[in-house]
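Data block below; observations after.
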Amino acid sequence: MLKLDLTDARINAPSPSRRALLGGAAVGAVLLAFRLDLRGARAAEGGGPDLSKGPAQPNAFVRLSADDTVTVMIKHLDMGQGNTTGLATILADELDADWSQIRVAFAPADAKLYANLLMGPVQGTGGSTAIANSWFQLRKAGAAARAMLVAAAAERWGVPASEITVSKGVLAHQSGKQGRFGEFAEAAAAKQVPQEPRLKSPAEWTLIGKGVPRIDSVAKTDGTAIYSLDIRRPGQVTALVAHPPRFGASVKRVDAEAAQGMPGVVAVVTIPTGVAVIARDTWTAMKAREALKIEWDESAAETRSSDAILAEYRKTARTPGLVASQAGDADAAIKGAAKVVEAEFAFPYLAHAAMEPLNATIERAADGSYDVYAGCQIQTIEQAVLAATLGVTTDKVRLHTQWAGGSFGRRATPGADYFAEAAAIVKAWSGKAPVHLVWTREDDMAGGYYRPQVYHTVKAGLDAKGQVAGWRHTMVGKSIMIGSPFEAMLVKNGIDGTTVEGASDTPYGLPAYRFEVHNAREGVPVLWWRSVGHTHTAHVMEVMIDELAQAAGADPVAYRLSLLTRAPRLSGVLRLAAEKAGWSGKPAEKGRGLGVAVHQSFGSYVAMAADVTAGESGVKVNRIVAAVDVGVAVNPDVVRAQVEGAVGFALSSVLRNRITLKDGVVQETNFDSYQPTRISEMPQVEVHIVPSDTAPTGIGEPGVPVLAPAISNAIFAATGQRLRSLPLDLASLRGA
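The numbering used here applies: residue 11 is where the sequence shown begins, and numbers increase by one.
Printed below as a string of structure tokens:
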């Protein structure tokens, strides 16, 4: 086996110098590992994140094999959003590989090699950053590998490298000589990493923006794709945990005699989060868990109902809060306004409700190290938590990331909760067999971590011409970040940016405004939910702007455009969505209305127009027309699919879903009481992508925030009734 180690080579592309490392190659296989200077800067309205320069980061992304396959190492979790296809497309295009050659493999946990460049020294997936943070990184990796292959071919053929072309995985010279990647893999490994690999211009792209087939579709269709729930290690046992019915409670005493006497039960152990039953199979573990007799200590538990907590929010909103942002004198402007509009909005707790419940498998090796199989979303945190719980160093914990059946934020807990739980079971049990922790649907739904319940009040004043004079806005909700490892980075002066994002930084030109926030204290665990704070702030802003347009007697689209003069990309998607939806500002027929909403989140710009039929018989969403600006659309089909998926995901939360607590106990425990969107409810969805050569931004989340306000505004257009809070109070439409 040939092992090569070339260090301190340099890459300069496209601007300041980049350091590169080529290390570790075998006969017929090359591992290209690049140390690239990449920095994520906050996206401005005029463009995406600047990831072309910054501190050095080592990365290893491509393997070239003798059989001509090209394996792209994926540092992110693919939970259905299709980032494996997008990431592979970026590298393959610069490499000039044929798409049929491309394979993907999930990278191991190694923040030195695979950090998310928008998260700092952390390997993880979230915030719709997978494509954005990897754009320049993978282009440079592909371009450098291509240059090294060309150099190897030029030397073998005795021709100038400039005379060699590469297309669809074939190197060719005008003399008629040809060769495939696999023939030059070993020789390429011996070449110096180029200082300045030339990146293609958009006109030269053959895969980017062209819509290649998703790389995971076949495996997910024929059942060969392995999810973490599919893992079966030799001798594996299954563990289920009985969690306390109220958040904050703990085990006081347990009678496990009946459970331990059941055939197939291996052990019952008490751990910090509850009582774990270990059995030979899942069904036995479920039945044994039911046989446990547990007395819970609820002295520190949350025992209030969700309604009682919301009532506290309403009281709190009447008191002064922390100022998230302000300009001018909003109160004076409102006091002197010709017309004042006031509104309140309430948002419930929401479950993530991914199709694959939480689970993880831990296998102990003979040397005392551990292999962990799961849908790993923040590998750096998960590895650290596992190591600390198991009492070993992080190098003794190997993560094997699997396909994940959804997440929507739930797998990305700051404390890696279910990883810690699995590790606690392994540590408490004296057995040696691999342990597969499985959460049932009920565990997953009622087991904690929800989109926070939030309450908003808004008072806005209009001048005599109908223009906004002042805006006063108060938000109350539990902070996601306070008390988490991310607090130092994302909480400033007591303000959690994920609570106020999309409101306090509104792109609307408000002459005087004041945004305040209260950080509620409660025992309900909260977490980011697909599009985080934008899930509620976008709804409030867009419904309120619609109300102001009505009060001013103005067309809702034109009114928005008058306030977005400094936001050309937002204005662009709004115009495009309105045009494609056939916007006229008037309902096409009685009981049918068209509503619009526009919002920026995660560096991307989305507008939606909703065509809705509403009245005494209920609400039917007929059609959603979306316009999106995500910079370069690496794979347009995936972009469209993500927006379509966002509509399906969010629609049930618009129409009915909520998590409610009664005496501290979650009432919704499965899909009978927390119903996902049905196929029969799914509207026609059209997605129009704005052409762009700006660096790509994310689309996994930005399609969610605009759906609810677009539908709410359409219902108003159809019925004349404003439905502000979510889920929409459809019963109030009776008699409309």
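We treat Cβ as the ideally placed atom computed from N, Cα and C, and that holds for glycine.
Looking only at C-alpha atoms, which of the options sits nearest to residue i?
i    : options                   : result
H546 : Y359, D108, G416 and A195 : Y359
S309 : R256, Q111 and E691       : R256
K345 : V464, I391 and W481       : W481
M158 : Y518, L105 and A340       : L105
Q412 : V653, A171, R421 and A311 : R421
V464 : L736, G641, K442 and M554 : L736
I555 : V468, W593, T509 and G601 : V468
D307 : G284, G219, T329 and G401 : G284
T329 : H86, R585, G655 and E526  : E526
P444 : K630, V395, T679 and G245 : G245
S75  : I689, Q111 and N93        : Q111
A577 : W593, Y518, K590 and G613 : Y518
A311 : V676, A718, V714 and V695 : V676
R650 : G92, L571, A235 and A356  : G92
V276 : I84, S260, W439 and V486  : W439
D77  : R666, A656, Q652 and R113 : R113
R290 : G441, R461 and L537       : G441
Sorted by chain position, which residues of the same chain lie with C-beta nearer than 6 Å to residue i's C-beta, five sequence neighbours on each side aside?
i    : result
G605 : A620, A720, N723, A724 and A727
A286 : A249, V251, V279 and I435
G603 : P597, V622, A724, A727 and A728
E691 : none
R299 : L250, A252 and V287
G136 : A422
P495 : P424
Return yes when the C-beta of residue i is under 7 Å from any heavy atom of the ligand MN, and no when it is not.
i    : result
T283 : Looking for the ligand MN in the displayed structure turns up nothing, as the structure carries no ligands at all.
Output the boundary residues of the alpha helix (DSSP H) element that contains residue i.
i    : result
M554 : H544 to A562
R585 : P578 to A591
K262 : Note, K262: premise wrong, no alpha helix (DSSP H); beta strand (DSSP E) at S260 to D265.
A624 : Element bounds for A624: not the alpha helix (DSSP H) but the beta strand (DSSP E), S614 to G625.
A342 : A340 to K345
G284 : Taken as a continuous stretch (DSSP letters only), G284 belongs to no alpha helix (DSSP H), being part of the beta strand (DSSP E) at G284 to A289.
E322 : S316 to T326
Grab me the residues of residue i's own chain with a C-beta within less than 7 Å of its C-beta, minus the 5 sequence neighbours each way, in chain order.
i    : result
D108 : K178 and G179
L217 : T99, A102, D103 and W109
A268 : A301
A741 : none
G658 : T687 and M692
V40  : Model confidence at V40 stands at a pLDDT of 25, short of 50, so the residue's coordinates are unreliable and nothing is read from them.
T175 : A182
Near residue i, what residues of its chain come up, given a Cβ to Cβ distance below 8 Å and the 5 sequence neighbours on each side ignored?
i    : result
V583 : V608, Y615, V616, A617, A637, V638, D639 and V700
V162 : Checking the sequence, you will find Ala at residue 162 rather than Val. Within the same chain, A162 has close Cβ partners F194, A197, A198, A200 and K201.
G760 : Because the chain here runs from 11 to 746, residue 760 falls outside it and cannot be looked at.
Y237 : E366, G385, Q412, W413, A414 and G415
G601 : T623, A624, G625, A728 and T729
L748 : Here the chain has residues from 11 to 746 only, and residue 748 is not among them.
With DSSP as the reference, identify every bridge partner of residue i, one or two as the case may be.
i    : result
K469 : E352 and R482
R772 : Residue 772 lies beyond the stretch modelled for the chain, which goes from 11 to 746, so this question has no answer here.
M83  : A115
F357 : V464
D381 : E373 and R408
G603 : V622
W538 : BP columns for W538 are empty, so no partner.
R256 : V675
Would you verify that the beta carbon of residue i is, or is not, closer than 8 Å to some beta carbon of chain D?
i    : result
I344 : Protein chains in the displayed structure number just one, and chain D is not present.
What first and last residue would you give for the beta strand (DSSP E) that runs through residue i?
i    : result
A530 : Segment: none, A530 is in no beta strand (DSSP E) and carries neither H nor E.
W306 : K303 to D307
K630 : G628 to D639
I281 : V275 to I281
L447 : V445 to V448
E696 : Q694 to I699
R420 : Taken as a continuous stretch (DSSP letters only), R420 belongs to no beta strand (DSSP E), as it is neither H nor E.
Q147 : Taken as a continuous stretch (DSSP letters only), Q147 belongs to no beta strand (DSSP E), being part of the alpha helix (DSSP H) at A140 to W167.
V333 : L332 to A337
*May I ask you to verify whether the stretch 553 to 567 touches the stretch 475 to 493, counting CB pairs closer than 8 Å and requiring at least 3?*
Output reads yes: the stretch 475 to 493 touches the stretch 553 to 567.
*If you pair each beta-carbon of the stretch 218 to 227 with each one of the stretch 92 to 105, do three or more pairs fall below 8 Å?*
With the cut-off at 8 Å, the stretch 218 to 227 and the stretch 92 to 105 touch.
*Per the contact definition of three or more C-beta pairs closer than 8 Å, is the stretch 625 to 645 in contact with the stretch 266 to 284?*
No, because fewer than three Cβ pairs between the stretch 266 to 284 and the stretch 625 to 645 fall closer than 8 Å, the two stretches do not touch.
_Would you call the stretch 239 to 253 in contact with the stretch 118 to 130, where contact means no fewer than 3 C-beta pairs closer than 8 Å?_
Contact fails: fewer than three Cβ-Cβ distances are below 8 Å.
*Inspect the CB distances between the stretch 536 to 552 and the stretch 496 to 516 and report whether three or more fall short of 8 Å.*
In short, these stretches touch, since the Cβ pair count reaches three.
*Are the stretch 358 to 376 and the stretch 384 to 392 touching, with three or more C-beta to C-beta distances below 8 Å?*
Short answer: they touch.
*How about the stretch 313 to 323 and the stretch 449 to 456: do they share at least three Cβ pairs that are nearer than 8 Å?*
Contact between the stretch 313 to 323 and the stretch 449 to 456 is absent: fewer than three C-beta pairs spanning the two stretches fall below 8 Å.
*Taking contact to mean at least 3 C-beta pairs separated by less than 8 Å, is the stretch 393 to 410 in contact with the stretch 122 to 130?*
Touching, no.
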